[in-house]
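Below you'll find the structure, written out as structure tokens, and then a few comments.
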Amino acid sequence: MSEHLRETRRRRTFAIVSHPDAGKTTLTEKLLLFGGAIQMAGSVKGRKAARHATSDWMALEKERGISVTSSVMQFPYEGRIVNLLDTPGHADFGEDTYRVLTAVDSALMVIDVAKGVEERTIKLMEVCRLRDTPIMSFINKLDREGKEPIDLLDEVERVLGIQCAPVTWPIGMGSRLKGVVHLITGEVHLYEPGRNFTRQDSTIFASIDDPGLEARIGANMLADLRDELELVQGASHPFDKDAYLAGRQTPVFFGSAVNNFGVQLLLDFFVEHAPSPKPRATTTREVSPDEETFSGFVFKIQANMDPQHRDRVAFLRVCSGRFDAGMKALQTRIGKEVKLANALTFMASDREIVETAYPGDVIGIHNHGTISIGDSFSVGEALNFTGIPNFAPELFRRARLRDPLKLKQLQKGLAQLSEEGATQFFRPLMSNDLILGAVGTLQFDVVAYRLKDEYGVDASFDQVQIATARWVHCDDAKKLEEFREKNAMNLALDAAGELVYLAPSRVNLQLAQERAPAVRFSATREHA
Ligand code: GDP
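Residues in the sequence shown are numbered consecutively from 1, following full-length UniProt numbering.
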């Protein structure tokens, strides 16, 4: 096998998705511990303050206890290279999550044992289904009382419409939690709070017939367990790798992230069975990760990741070939060859300069405003990766400046923050207003906070009479000009200079569409 194939096959690029509070951050931290990416001290105990320090950068996240931005973490495990892309948990950041999911090959879903399938879990599942993304599930917080495991599997199957294949099965729950049985290897892993960090640190029995087990959990519990396992094996599906890879079946694990219990079993199974980088579609053809010529696309941009550096970083997923520091690649949208120097890799919050990267890896490239979300980079052949949309925002506000002398900084801040994609920035043709669009109200607070923190601008956001936005296109230049003249009051330019119709109401939008049949109104701006 060539070095390229070897490196590609050992990559595992995935995201963890969950309803807020299910335990995504905690699980992320535990996975990083196994990868040696962060130190054990202070983390295993799950200290509140330290909890957010790893995957979250911003002070705001700590204040509110939510993840606002996504981050990328790479770590080696058992001969594999794992790339974990963090997704924001809050409902307002769905778009960002959506785009992160375009850059992964599989996902891990965390479910709270007491809450079961929650509203956000359902939405995320819908997004995963769009691409048949393979999903593993982790039922978390087994150290607390929750729903019956068998009922939970039923709920996942019924509500999420995906077959469940339990891989581990809990012995008890809450204060009676004794451990889990691995249904494929037959091993029993005991739950020992304060331990269970690694295999070496855990008590493991080869099977439920091991006499040591009865001594530990008692004859009654063992008898119940035998009955339950019989029931489970009769009623559930065995693990079927093809069904998993096709997104039809989810292997299910039980555990407690905060106690580090059941996590290594999940990780071991994950690196063995989760898919290595998959082919990606472009406008012209499918690109295989086995190809040796470099290509990739930008799925996320983040400003001011490091307040000391005041920079913007574009996150690029490598789709084929090898990235070498300093190499040149064609940026398809602008048709220019650019030098990709000083690429970054992400070890939790540490940034390191990378020399090489392979398909599945995510690198950070410095962006001076010339890179947009959705941009493709390739060597030789011009390629345009598809499927990374910009959604029309549903909420609009007009930026109001408290100090008029800071107008330049405000414009710059709004433009740079909107490059990240969570908000969109519009400049109406007929006024000097600065309009910000978002899909959730929380984003306005985030922008106001960051404007102050990162740009020293004190701004607030006022209500404005805009109901929705549509990107407008017309193949006939004359008709477009006519449309522009007639509708100038409602037209604006987005941050990329594209023409957008800002409709004061749905009815207005409908009328505008009826009056200009030659003009296309689009609710998404597909990048590139
Ligand atoms: P996220 O919003 O999905 O990222 O969830 P967090 O990881 O921030 O966890 C939410 C809360 O659940 C925190 O207070 C965690 O300490 C707690 N938590 C996480 N895992 C467990 C667990 O296994 N058992 C218990 N009892 N609490 C947990």
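Just so it is clear, CB atoms sit at the ideal spot from N, CA and C, and this is done for glycine as well.
- Within the same chain, and ignoring the five residues on either side of ALA382 in sequence, the residues whose Cβ sits closer than 7 angstroms to its Cβ are LEU330 and THR332.
- VAL180: member of the beta strand (DSSP E) spanning 179 to 182, first to last residue.
- The beta carbon of GLU355 lies closer than 8 angstroms to those of ASP324 and ALA325 in the same chain, with the five residues before and after it left out.
- In the structure shown, SER418 falls within a helical segment according to DSSP collapsed to helix, strand and coil.
- Set against 7 angstroms, the gap from the CB of ASP86 to the closest heavy atom of the ligand GDP is not smaller.
- Taken through DSSP and simplified to helix, strand or coil, ILE122 comes out as helix.
- Of the candidates VAL100, ALA219, GLY146 and LYS30, the residue whose Cα lies closest to the Cα of PHE75 is LYS30.
- Within the chosen limit of 7 angstroms, the ligand GDP reaches the beta carbon of PRO20 through at least one heavy atom.
- Taking 7 angstroms as the cut-off, the C-beta of LYS300 does not count as close to any heavy atom of the ligand GDP.
- CA-to-CA, the gap between ALA469 and LEU267 works out to about 43 angstroms.
- Rounded to the nearest angstrom, the gap between the Cα atoms of ALA219 and LEU190 is 16 angstroms.
- A check of alpha carbon separations from THR524 across ALA392, SER320, ILE217 and LYS24 identifies ALA392 as the nearest.
- Closest option to SER71, judged by alpha-carbon separation, among ARG248, LEU32 and PHE377: LEU32.
- DSSP, read as helix, strand or coil, puts GLY116 in strand.
- The three-state reading of DSSP puts GLN233 in helix, counting H, G and I together.
- Runs of the beta strand (DSSP E) spanning 3 or more residues and lying entirely within the segment 398 to 462 occur at 423 to 428 and 435 to 438, in chain order.
- The beta-bridge partner set that DSSP reports for ASP494 consists of PHE426.
- Residue range 80 to 86 is occupied by the beta strand (DSSP E) that includes ASP86.
- Rounded to whole angstroms, ASP209 and VAL113 show a C-alpha spacing of 28 angstroms.
- When the Cα atoms are used, GLN409 and CYS319 turn out to be separated by approximately 36 angstroms.
- Under DSSP, the beta-bridge partners assigned to ILE301 are ALA314.
- Checking the DSSP bridge columns, you'll see THR282 partnered with PHE385.
- Inclusion of ARG312 and GLN233 in the CB contact set at 8 angstroms is not warranted, their separation being larger than that value.
- By the Cβ criterion, the segment 128 to 144 is in contact with the segment 93 to 113, since at least three pairs of Cβ atoms, one from each stretch, lie closer than 8 angstroms.
- Between ILE139 and THR250, the beta carbon gap of about 11 angstroms keeps them out of contact (Cβ cut-off 8 angstroms).
- When only Cα atoms are considered, ALA496 and ILE371 end up about 10 angstroms apart.
- With respect to the C-alpha of ALA399, the residue from TYR449, GLY380, GLY421 and GLY387 having the closest C-alpha is TYR449.
- The alpha-carbon of ARG10 is positioned some 24 angstroms away from that of LYS24.
- Boundaries of the alpha helix (DSSP H) harbouring PRO211: 211 to 217, taken from the DSSP string.
- Remark: three or more beta-carbon pairs, one from each stretch, lie closer than 8 angstroms, so the segment 239 to 254 and the segment 163 to 174 are flagged as touching.
- With a threshold of 7 angstroms, the Cβ atom of THR97 does not count as near the ligand GDP, since no heavy atom of the ligand is closer than that.
- Relative to the Cα of ILE466, the nearest Cα in the group LEU142, PRO504, ALA477 and GLU485 belongs to PRO504.
- The beta carbon of LYS452 is closer than 7 angstroms to those of ASP458 in its chain, skipping five residues each way along the sequence.
- In the DSSP assignment, PHE239 is bridged to no other residue.
- Relative to CYS474, the option among GLU498, SER460 and ILE301 whose CA is nearest is GLU498.
- For the pair ILE217 and LYS178, the Cα-to-Cα distance works out to about 7 angstroms.
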